[in-house]
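Residue numbers (the numbering used here): 141 to 536.
Think of the CB as a built atom: it goes at the ideal place given N, C-alpha and C, for glycine as much as any other residue.
Computed from a predicted structure; not experimentally measured.
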Amino acid sequence: MSAPEAELVRRFGSPLYVYDEGELRARCRALRNAFAPELADFFYAMKANSNPHLLGIVREEGLGIDAVSLGEVRMARHVGFAPTQISFNGNNVDDAEMSAVRAEGVHVIVDSLAQLARYGRLFPETSVGVRLNPDIGAGHHDHVITGGPESKFGIDVGLARSILEVAAAHRLRIHGLQHHIGSGILDVAKLSLAMEVLLEVAPLFPELDFVDFGGGFGIPYRPLQAPLDLETFGRVATERIERFRAAYSRPVRVRFEPGRFVVATSGSLLVTVTAVKRAKKHTFIGTDSGFHHLIRPMAYGSYHRIENLSNQGGALEVVSVAGNICESGDLFAKERLLPECHEGDVLAIRDAGAYGYSMSSTYNLRPRPAEVLLSSPDQSPTLIRRRETIEDLLAP
Ligand code: LLP
Numbered sequence: 141m142s143a144p145e146a147e148l149v150r151r152f153g154s155p156l157y158v159y160d161e162g163e164l165r166a167r168c169r170a171l172r173n174a175f176a177p178e179l180a181d182f183f184y185a186m187k188a189n190s191n192p193h194l195l196g197i198v199r200e201e202g203l204g205i206d207a208v209s210l211g212e213v214r215m216a217r218h219v220g221f222a223p224t225q226i227s228f229n230g231n232n233v234d235d236a237e238m239s240a241v242r243a244e245g246v247h248v249i250v251d252s253l254a255q256l257a258r259y260g261r262l263f264p265e266t267s268v269g270v271r272l273n274p275d276i277g278a279g280h281h282d283h284v285i286t287g288g289p290e291s292k293f294g295i296d297v298g299l300a301r302s303i304l305e306v307a308a309a310h311r312l313r314i315h316g317l318q319h320h321i322g323s324g325i326l327d328v329a330k331l332s333l334a335m336e337v338l339l340e341v342a343p344l345f346p347e348l349d350f351v352d353f354g355g356g357f358g359i360p361y362r363p364l365q366a367p368l369d370l371e372t373f374g375r376v377a378t379e380r381i382e383r384f385r386a387a388y389s390r391p392v393r394v395r396f397e398p399g400r401f402v403v404a405t406s407g408s409l410l411v412t413v414t415a416v417k418r419a420k421k422h423t424f425i426g427t428d429s430g431f432h433h434l435i436r437p438m439a440y441g442s443y444h445r446i447e448n449l450s451n452q453g454g455a456l457e458v459v460s461v462a463g464n465i466c467e468s469g470d471l472f473a474k475e476r477l478l479p480e481c482h483e484g485d486v487l488a489i490r491d492a493g494a495y496g497y498s499m500s501s502t503y504n505l506r507p508r509p510a511e512v513l514l515s516s517p518d519q520s521p522t523l524i525r526r527r528e529t530i531e532d533l534l535a536p
């Protein structure tokens, strides 16, 4: 697999995002298999990766879409998702965007009392979902914890009665409750605890069609990290939800909004070594990419496995892998043991499928990479997004 991978750079250029269709489909199926089909629906959080070809595969696998902006809603519609397969979960949305989203026919989840009242004024006598803050947060970094006292998201779970009052004032039906406590969670207990909080308050809402427990399913980025035990979570959650459903007056469905879990492992960023610098304290492996293409190491100190595809069995050396952006924080890895790197070597930065390309920028006026899909079962490569050009950046 690795020799052909390095070939891709010769054929499609460097740096290059590469995705594995088989892996993407397997992740979708793993999620769906963890729950009985008549119980749970999955809405892929497309902020993790919104490449239209990948979205098409996710659609074929039977997932819906969790969208957070009009742009995401429009993209989901563009690739063929029906309005009923799209859940809109925006934060601090203005009237114009909210109205445009409603006009697309997708259902909406609001995340403040102010937004609920505004929604009621715009669309009285309709159904709407609300996002709760269950006072529990979790995640791989402070910046991605979206529940608990520090979070700007959701309505405090203690304010259930105020939610019902605001809804009543506008004759709104609260037809769904949602939470999303954070991202990169590997601990089943945290996910279960937040679920418990939501299900405890849910009986106060008599007209629910769904309860939505957000995304946040983590993946092990580090070599010896244990994966999320999805099977156990599926079992524990199913048992708890079944108990809730047995006591509730309506046939409530369950939703999850996974992003990272679906796409992270299927993607790699291939970069080429442009310089090896043996400085006083560090050996820097300079590459032709940087945090404009994969910001996670810089933004969250995130660890991504790196392989030297051109020298896999080579003698190991401690190096720091750097990008070509004019900032000192532009490092993919600090003090990492890698097989010796030489100019022209191709490095693969793994698990880059989620929050890689979707968070990329043209900082320093460097164009974005191309994206290639390795189709299953024969791994034949297809260009699924062309490389951006400097001409694109010069365009008005
Ligand atoms: N639902 C909502 C409402 C969200 O805000 C998010 C992610 C998800 C679902 C999906 O979360 P996931 O399953 O991917 O953990 N850029 C960060 C992650 C930010 C996540 C933001 N919200 C990173 O690279 O780690």
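Opening and closing residue of the alpha helix (DSSP H) in which residue i lies
i, result
"F293", "Where F293 is concerned, there is no enclosing alpha helix (DSSP H), given that its DSSP letter is neither H nor E."
"Y440", "R436 to Y440"
"E95", "Here the chain has residues from 141 to 536 only, and residue 95 is not among them."
"R490", "No alpha helix (DSSP H) contains R490, which DSSP labels as neither H nor E."
"V116", "Shown here, the chain extends from 141 to 536; a query on residue 116 therefore has no answer."
"D235", "D235 to A243"
"E305", "A300 to A309"
Nonlocal neighbours in the same chain, by C-beta distance under 6 Å from residue i, ignoring five residues either side
i, result
"E145", "L449"
"L195", "V219"
"D369", "V328"
"T372", "V328"
"T412", "S154, D428 and V486"
"V246", "V213, P223, I226 and F228"
"E237", "L210"
"S442", "R436"
"S406", "Y159, D160, E163, L164 and G493"
"A216", "I205, A207 and I226"
"E397", "F183, A185, D206, G354 and G355"
Rounded distance between the beta-carbons of residue j and residue i, thought under 8 Å
i, j, result
"R445", "P363", "7 Å"
"L256", "V270", "6 Å"
"A404", "I359", "5 Å"
"G279", "I325", "6 Å"
"A300", "G260", "Rounded, the Cβ-Cβ distance is 17 Å, inconsistent with contact."
"A494", "S408", "With 8 Å as the limit, A494 and S408 do not qualify as a contact, their Cβ atoms being about 12 Å apart."
"F152", "R395", "Actually they are not in contact, since the Cβ atoms of F152 and R395 sit about 37 Å apart, beyond 8 Å."
"G204", "F221", "7 Å"
"P479", "G453", "7 Å"
"L253", "I295", "6 Å"
"V458", "E483", "So it is not a contact: roughly 19 Å between Cβ atoms."
"H433", "P509", "6 Å"
For residue i, three-class secondary structure by DSSP
i, result
"D477", "Just to set this straight, residue 477 is Leu in the shown sequence, not Asp. Strand."
"I285", "strand"
"I465", "coil"
"P343", "helix"
"T502", "coil"
"E483", "coil"
"P360", "coil"
"L326", "coil"
Element boundaries [beta strand (DSSP E), containing residue i]
i, result
"E531", "Unbroken run through E531 is the alpha helix (DSSP H), I530 to L534; no beta strand (DSSP E)."
"H315", "R313 to Q318"
"G260", "Segment L253 to L262 is the alpha helix (DSSP H) holding G260; no beta strand (DSSP E) there."
"F228", "I226 to F228"
"G269", "S267 to N273"
"D352", "F350 to D352"
"I425", "T423 to T427"
"V246", "V246 -> no beta strand (DSSP E), and no H or E assigned at all."
"L449", "It is not in any beta strand (DSSP E) - L449 carries neither H nor E in the DSSP assignment."
"I524", "P521 to R525"
Sequence-distant residues of its chain with Cβ nearer than 8 Å to residue i (five each side left out)
i, result
"N191", "Y159, Y497, E511, I524 and R525"
"I276", "G287, G288, I321, K330, L333, A334 and V337"
"M141", "Reliability of the predicted coordinates at M141 is poor, the pLDDT of 41 falling under 50, and the value obtained from them is presented with this limitation in mind. Here the set comprises Q519."
"A387", "P343"
"F293", "N231, D251, R271, N273, T286, G287 and H320"
"L348", "I314, H315, G316, L317, A342, Y388, R390 and V392"
Beta-carbon contacts of residue i that lie in its chain and below 7 Å, excluding the five residues immediately before and after
i, result
"I381", "L179 and V394"
"F263", "R242"
"S302", "L253"
"H193", "L513 and I524"
"S239", "L262"
> Unbroken alpha helix (DSSP H) runs of length 4 or more, entirely within the stretch 143-190: which are they?
Replying inline: 161-173
> Can you list the beta strand (DSSP E) stretches of 3 or more residues lying completely in the stretch 365-421, in chain order?
Replying inline: 393-396 and 407-418
> Which parts of the stretch 191-219 are runs of the alpha helix (DSSP H), unbroken and 4 residues or longer, counting only runs that do not cross its ends?
Replying inline: 192-200 and 210-218
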